Structures are given as structure tokens and as C-alpha cells.
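Report on the following structure.
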Ligand code: PXL
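In this note's numbering, the protein residues as written are 20 to 290.
And the structure:
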């Protein structure tokens, strides 16, 4: 039977991220992707300004409408959430979660040690509530530090292990810490209570907006398609890297507009 993912995140019309990334990536893996929008934006918030329509008060009504339809999901994958939406998302998860339903949480609220525009520490407190319901938590180091009240200190050599252990103690089942710079490599660290490994590749030394969303969407699809943890992470990482390489080849601005992941989709579709 075809697999099915519910993804809950915003629709930012311009600047590849959130639903505009998750829908095509997950579809290309032959998985049905049901996208529940949390907000509609003219563009993401790394642009100097944006228009924003908040859908918080509609989200539960939308989900309740599905009571009479097929509302069974193999995965619920959440990305960028606006302020005050974590509680609604928790309600949706507890309503729709079945034994088979995996929960993948991409915190998507910080980078470079700083919160994204518009967020404050109340949002971090809210997002902490999602950690303990996650089967897979996919933070970058900034998000992991905020979620665990750890100082964002790049000179602390143990920081990656430290934050992963804290997140596991908080109740995450599997942590995938992304974007770790090690020498000339960029790697992700996988950790659960039984196993730990890293996987990475040469650092392309280019900043792109939305690579976290590209990686998390591919990972959600790989896990849902039954790949083991290592193979899922390898495939999602290699896909994200190829998307960045294609963007660099084309000499276009991926900083705001995101990586040209469309040119790398064939890697995911390959059986
Ligand atoms: O890529 C994360 C993201 C998603 N959605 C919106 C954002 C961002 C990051 O800035 O602004 C609206």
C-alpha cells in the first residue's frame, strides 16, 4: 500500500522552504504528501520583509474535517511553526497518532546561534514540548542548544554529544544533529540509546537558505519508505549536497532562493 505523510508547516510562496520543498520531495519518493499549512507568507523571513497570514485558528478545524475521511498517516512531519502553534500541533499529533505513525520534528527556529526573526524564548519553551513526542528530532546545533539550555559555544568539543544526550533524556527517540563542521567536512550525528554514527561529506563552504527543510523532507521520505537509519541519513545528505552542487554550478543566488533541489530529485526517485 502507498505510504502517506502529513506535513505541518507554512507555505512561503517565494524562497524554497517548508511546504514548497516538502511536497515535491516527498511526492518524488512515491509517497502521498498531505500538507497542512500553518500560515501563508509572501516569502520566508530571511528576506528583508514579508506578508504573513496566520492560520493557527483554522488548523484544528481542518484536521477535524478529516474525521469522516481517511485520516491515517505513516508519518507526521512538522517543520517551521509560528509562535503559539506548538500546542495546536500537539493536539493534532495526539488526535491522529496511531501505532504505525512516526513523528519527525524539525524545530526550524534558529541558526548561527540566533533565533529566526520574530521568535523569542517563549517559542523555544513551546517547542520543547514537541521533543518528547518525537521519534525523530532533526535540529541544527543552534536549535539543539536552545532546546536543552546549553550555551552555543563552538569551542566546546563535546557540545554535539552533550546536546544529543540531553535531547534523548528529554524523550526524543532518535536525534539527527545536522550541519556539524568538522575540519573540511560537514556531517550529521545520529544518536539514540543504542547506536551512534556520523555521516558527512566535503564542506562546500556556501550558505543556502532552506537546506534544513530539504534534508528533513528527504529524511522523512526515506524513513517512511523503510530505509534503516544509516541509509536514510546517507540518502538525505547526498541529495541535499547534490542540490547545493547544482546551485553552485548554475552560479545563482541560493542564499535567499534556496538550493535548486529540483535538479537532484532523480537521486531520490531511483530505486
Ligand atoms: O527554512 C525554515 C523557514 C521556514 N519557513 C519560514 C522561514 C524559515 C526560515 O527562516 O522564515 C517562513
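Where is the CB? At the ideal position from N, CA and C, for every residue including glycine. Since the structure is predicted, the reported quantities are computational estimates derived from the model, not experimental observations.
Three-state secondary structure (DSSP) at residue i?
| i | result |
| --- | --- |
| residue 238 | helix |
| residue 77 | helix |
| residue 183 | helix |
| residue 21 | coil |
| residue 120 | coil |
| residue 230 | helix |
| residue 203 | coil |
| residue 32 | strand |
| residue 86 | helix |
| residue 134 | strand |
Can you tell which of the options has the C-alpha that lies nearest to the C-alpha of residue i?
| i | options | result |
| --- | --- | --- |
| residue 195 | 251, 24, 220, 41 | 251 |
| residue 103 | 58, 91, 96 | 58 |
| residue 134 | 236, 155, 171 | 171 |
| residue 126 | 83, 276, 118, 138 | 138 |
| residue 78 | 68, 120, 266, 114 | 114 |
| residue 14 | 150, 181, 199 | Here the chain covers residues 20 to 290 and nothing more, so residue 14 does not appear. |
| residue 157 | 268, 214, 234 | 234 |
| residue 25 | 31, 68, 121 | 121 |
| residue 142 | 20, 193, 225, 166 | 166 |
| residue 66 | 287, 282, 286, 272 | 272 |
Over the uninterrupted alpha helix (DSSP H) stretch that includes residue i, give me the two end residues.
| i | result |
| --- | --- |
| residue 16 | The question about residue 16 has no answer here: the residues shown for the chain are numbered 20 through 290. |
| residue 258 | 248-268 |
| residue 288 | 284-288 |
| residue 147 | 140-150 |
Quick one: is residue i near chain E, going by C-beta distance under 8 Å?
| i | result |
| --- | --- |
| residue 139 | Reference to chain E is not applicable here, since this structure consists of a single protein chain. |
From which residue to which residue does the beta strand (DSSP E) around residue i run?
| i | result |
| --- | --- |
| residue 95 | 94-97 |
| residue 67 | Neither: residue 67 is in no beta strand (DSSP E) and is coded neither H nor E. |
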